[in-house]
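All remarks here apply to the structure that follows.
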Amino acid sequence: MQCSRCAEPAVIDQPYASLHLCEAHFRDSVRERVRRDWHRQAPRMRAGVVAVALSGGKDSAVALSLTQAYFRRRPSVRLVALSVDEGIAGYRPATLVRAQELARSLGVEHRVISASSTLGTTTDEAAANLKGEIPCSFCGVWRRQMLNRGATELGADLLVLGFNLDDLAQTVLMNLARADIGRLTRMAPHPTRQPGLVPRIAPLSSIPEREVFLYARLAGLPFDHGECPHAGAAARNVYREVLWRLEEEFPGTRHSLLRTREAVTRAILASAPPGAPGRCVDCGEPAGGERCRACEYRRQMDKPLMEEAG
Ligand code: SF4
Ligand SMILES: [Zn+2]
Ligand SMILES: [Zn+2]
Numbered sequence: 097m098q099c100s101r102c103a104e105p106a107v108i109d110q111p112y113a114s115l116h117l118c119e120a121h122f123r124d125s126v127r128e129r130v131r132r133d134w135h136r137q138a139p140r141m142r143a144g145v146v147a148v149a150l151s152g153g154k155d156s157a158v159a160l161s162l163t164q165a166y167f168r169r170r171p172s173v174r175l176v177a178l179s180v181d182e183g184i185a186g187y188r189p190a191t192l193v194r195a196q197e198l199a200r201s202l203g204v205e206h207r208v209i210s211a212s213s214t215l216g217t218t219t220d221e222a223a224a225n226l227k228g229e230i231p232c233s234f235c236g237v238w239r240r241q242m243l244n245r246g247a248t249e250l251g252a253d254l255l256v257l258g259f260n261l262d263d264l265a266q267t268v269l270m271n272l273a274r275a276d277i278g279r280l281t282r283m284a285p286h287p288t289r290q291p292g293l294v295p296r297i298a299p300l301s302s303i304p305e306r307e308v309f310l311y312a313r314l315a316g317l318p319f320d321h322g323e324c325p326h327a328g329a330a331a332r333n334v335y336r337e338v339l340w341r342l343e344e345e346f347p348g349t350r351h352s353l354l355r356t357r358e359a360v361t362r363a364i365l366a367s368a369p370p371g372a373p374g375r376c377v378d379c380g381e382p383a384g385g386e387r388c389r390a391c392e393y394r395r396q397m398d399k400p401l402m403e404e405a406g
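Numbering (the numbering used here), first residue to last: 97 to 406.
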């Protein structure tokens, strides 16, 4: 198959755009879509601190590399990569090595936040103790809190997340299926700043997962291919499969889901702007109720609050 824009052979097809692209045009198209998303999601970012969540996987590797390229000519923006070590044996150590390798090769400052020293527990330990819970539930909540705290300590203006189009479309579908409109409206990117929460943006939101993977490979970025041993139980796996099938039959479904989320969020925020979140009585982080969900999970494990978490 030939590239839709030149005579070179295509390396990827984009059924949702009716295009086939060669390597050069594909890489240009990824960079251009990410650049447009930066403009759309954070139009006024000229100076300050940008924290980038870096897991060591392909998505955050591409997010960090393109964020670094985007700000290359703006020394007034300080970039810091933040990794979370949830304590998952056989998985996280290898991804952290890749994360460090990438940050070093790009010349980006890198910090690692460890669950065992900030939360007093790890995902492995919780998975062994909280038998009725799906590990991704508490692990995701804890990671979000650790990233927010790490970004807050840096004085970050933004926290960049590597969510790709598939991730976000799956989340929209899950929230719609569960009638969880609150969570739907709280998804990144965040148009406004909430007290205690560093606004999160997702510059890969228009790039499908397989294109992120191809871009990372073609750009020679170091990333880890491993899969978390706790991932098998996640409900997201079902939504991933449903969405693949929908996208195959109806190209463009993922983009439509993101537009649905934007329209619903706009309408809800226009009629009822969110109030400032309360504070958790245990740790002081933003919370919907008396306690944040991170502390609720920690209490289920009977874990005392670590000093630095207060
Ligand atoms: S797959 Fe689930 S348990 Fe594993 S790191 Fe991700 S959120 Fe945590
Ligand atoms: Zn071409
Ligand atoms: Zn708390």
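Note that CB positions come from ideal geometry on N, CA and C, so glycine has one too.
The structure presented is a predicted model; accordingly, all values stated were derived computationally and were not measured.
What ranges does the beta strand (DSSP E) occupy inside the stretch 225-272, keeping only unbroken runs of at least 3 residues that lie completely in it? 254-256
Confirm the yes/no value for this check: CB of A390, any heavy atom of ligand 3, distance under 7 Å. yes
Is the stretch 381-388 close to the stretch 191-205, with three or more CB pairs under 8 Å? no
Spatial distance of V308 from M270 (CA atoms): 22 Å
I want to check one thing, is the minimum distance from the CB of P231 to the heavy atoms of ligand 1 below 7 Å? yes
E182 CB to nearest heavy atom of ligand 1 below 7 Å: yes
Assigned exposure category for D276 - 16 Cβ within 10 Å defines buried: Residue environment for D276: exposed (fewer than 16 other C-beta atoms within 10 angstroms of its C-beta).
Report yes if the C-beta of T219 is less than 7 Å from at least one heavy atom of ligand 1; otherwise report no. yes
What residue does the alpha helix (DSSP H) around D109 start on, and which one ends it? First-last for D109: I108 to Q110, but that is the beta strand (DSSP E), not the alpha helix (DSSP H).
Helix, strand or coil for H116? Go by DSSP, reduced to three states. strand
Stretch pair the stretch 183-203 + the stretch 348-368: three plus CB contacts closer than 8 Å: In short, these stretches do not touch, since the Cβ pair count stays below three.
P299 to A265, Cα distance in whole Å? Cα-Cα distance, rounded: 14 Å.
Completely contained alpha helix (DSSP H) runs for the stretch 129-175, where each covers 4 or more residues: 154-166
Just to confirm, is the Cβ distance from V173 to G144 under 8 Å? At the C-beta level, V173 and G144 come within 8 Å of one another.
Identify whether D398 lies in helix, strand or coil by the three-state DSSP scheme. coil
Could you give the distance in angstroms between the alpha-carbon of A149 and the alpha-carbon of A363? 29 Å
Which residue or residues does DSSP assign as beta-bridge partners of L178? A149 and R207
List the residues that DSSP assigns as beta-bridge partners of Q290. Per DSSP, L293.
Taking 5 Å as the limit, name every residue whose beta carbon sits nearer than that to some heavy atom of ligand 2, in sequence order. C99, R101, C102, E104, C118 and H121
Measuring CB atoms only, is the stretch 212-231 touching the stretch 338-345, in the sense that at least three cross pairs come out at less than 8 Å? no
Among all the DSSP beta bridges, which residues are the ones paired with P382? R375
Local Cβ density within 10 Å of M50, reported as buried at 16 or more and exposed below that: Here the chain covers residues 97 to 406 and nothing more, so residue 50 does not appear.
Between the Cα of G278 and the Cα atoms of A222, E305, E344 and L365, which residue gives the shortest distance? Closest by alpha carbon: L365.
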